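Numbering (UniProt numbering), first residue to last: 1 to 132.
#1: Less than 8 Å separating the beta-carbons of residue 40 and residue 28?
#2: Measuring CB to CB, does residue 109 end up less than 8 Å from residue 96?
#3: For residue 32, which residues of its own chain have a beta-carbon under 8 Å away from its beta-carbon, when the five flanking residues on both sides are left out?
#4: If we ignore side chains and look at the alpha-carbon of each, how far apart do residue 57 and residue 44 end up?
#5: If you reduce the DSSP assignment to three classes, tell me which class residue 79 lands in.
#6: Is residue 86 near residue 112, with beta carbons less than 8 Å apart?
#7: Assign residue 1 to one of three DSSP states: helix, strand, or coil.
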């Protein structure tokens, strides 16, 4: 009887894993990230089960910040440097690979590409220009 229960638990876990995999792949396909979906489907990677050994391995691979480390202040995110041109912004946006993930603002690069690929009627330039 215990064997039957263990088998059932394994099947339920596999069904849960399959459902999670399906959600991940569906999300990638909805974002038109076909290569990402294929990568996930063909991967044999698994999520590590939390344990003290796993935590120790992660700490070894990602040590804490060294004492005395100093970083310069981050730039003001609301201001662009004066020497950035509209053409440079357009080139940077066009250089994003297709299927790239969205950033902290959740805007996917493909949306930015589509918005900036408009007619040369001034709208495209207005979107790329610094407000103010």
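Cβ coordinates follow ideal geometry from the N, Cα and C atoms, glycine included. Computed from a predicted model, the values in this text were never measured in an experiment.
For this structure:
#1: yes
#2: yes
#3: Same-chain partners within the cutoff: 98, 99 and 110.
#4: 20 Å
#5: coil
#6: no
#7: Confidence at residue 1 is low in this model, with a pLDDT of 34, below 50, so its placement is unreliable and the value that follows should be read with caution. DSSP places residue 1 outside both helix and strand once states are collapsed to three, so it counts as coil.
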